[in-house]
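This report concerns only the one structure given below.
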Amino acid sequence: MTGMTGITDGADGMAFLDIEQVVFTYPGRPPVVDGVDWRVQAGEIHCLLGRSGCGKTTLLKLAAGLLRPQSGRILLRGAVLAEPGPQLGFMFQAPTLLEWHTALGNVLLPVSLQRRPAPQDEQRALALLEQLGLASHAQRHPRHLSGGQQSRVALARALVLDPPLLLLDEPFAALDAITRAELQDDLLRTCRERGTTVLFVTHDINEAVYLGDRIALMHGGRIVADMAVDLPAPRTQAMRHGPAFNEHCARVRAAMDRTAA
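Residue numbers 1 to 261, in the UniProt record's numbering, belong to the letters of the sequence shown in order.
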């Protein structure tokens with residue numbers, strides 16, 4: 001994208017995820033996704049930011065293979081993405097845990113849908129729970145877990161097959177501010193350690209700046225800006241109070257205001 005201060009195109013070279021001129025329309029409505037081009041590089045955390053109704057959740061579903069575009073194409077590592085598979089992990093707005101399964105059973109669900117879990121699968125699931133601070137909660141059922149703990153179980157479930165691409169649709173929106181900040185740090189740490197590429201949908205500017213290597217701004221079914229977030233890694237909560245963080249937030253807010261004008 002050009003013509004906007006501080007906003008740049010994605011990196012050169014073949015993208016990990018390449019969305020090319022994608023259009024999607026629900027019956028009887030104008031296009032919800034309208035000719036989107038979007039490139040995401042391997043290992044990036046790329047936040048998709050926009051107001052409610054701008055098409056960002058639909059675009060995420062297209063990137064996941066849950067919907068098929070009417071035109072255009074979506075490439076994952078150079079191959080056309082036709083349907084969801086083990087190369088993708090999902091985390092939605094609600095944890096959507098199965099009440100009759102323990103935390104461990106919920107984490108193992110993606111494995112169970114493919115085959116009977118082996119001992120190494122259980123070890124991997126337990127390691128994820130430990131990494132997220134839930135080792136002592138593995139045998140508890142969701143009703144005995146707090147909202148933040150349920151979200152951590154959902155994150156572990158999304159990562160249990162070690163997918164190279166993780167897609168998240170406002171997964172922390174219902175949490176209180178303190179728990180939300182903790183989950184953001186959990187997500188950053190876990191995905192950086194694994195080298196996971198992340199698409200994160202949000203309408204929260206602060207969240208997008210804190211999490212993202214890049215932010216794609218969506219408006220009216222189109223990506224209207226793509227900007228780098230030049231903050232050091234690892235991100236820390238103390239950064240939120242610094243001038244660089246606030247300058248990034250102000251720049252994103254100004255871009256959003258321009259698109260709404």
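Ideal Cβ placement from N, Cα and C applies to all residues, glycine included.
Distances from the alpha-carbon of residue 22 to those of 15, 31 and 14 put 31 closest.
CA-to-CA, the gap between residue 33 and residue 221 works out to about 4 Å. Here the region 62-78 makes no contact with the region 136-143; the two share fewer than three CB pairs at distances below 8 Å. Between the alpha carbons of residue 119 and residue 51 lies a gap of roughly 44 Å. Considered as a whole, the region 35-69 harbours 56-64 as its complete alpha helix (DSSP H) runs of no fewer than 4 residues, in chain order. For residue 22, the beta-bridge partners assigned by DSSP are 36.
Residue range 88-91 is occupied by the beta strand (DSSP E) that includes residue 91. Closest in C-alpha terms to residue 170, from the list 16, 57 and 35, comes 57. Between residue 175 and residue 147, the C-beta spacing is below 7 Å. Selection 100, 90, 94 and 62 evaluated against residue 82 yields 62 as nearest (Cα-Cα).
At a cut-off of 3 residues, not a single continuous stretch assigned as beta strand (DSSP E) sits fully inside the region 107-148. Membership of residue 259 in the alpha helix (DSSP H) is indicated by the continuous run 243-260.
Taking residue 92 as the centre and dropping the five residues before and after it, the same chain places the C-beta of 169 closer than 6 Å to its C-beta, in chain order.
When only Cα atoms are considered, residue 149 and residue 158 end up about 14 Å apart.
Cα atoms of residue 117 and residue 37: separation of roughly 39 Å, rounded to the nearest angstrom. Secondary structure of residue 104 (DSSP, three-state): helix. Excluding its 5 nearest sequence neighbours in each direction, residue 128 has C-beta neighbours in its own chain below 7 Å: 107, 156, 159 and 160, listed in chain order. One alpha carbon belongs to residue 255, the other to residue 135, and they sit about 43 Å apart. Bridge pairing for residue 80: 75 [DSSP].
With contacts defined as CB atoms closer than 7 Å, residue 101 and residue 199 fail to qualify as a contacting pair.
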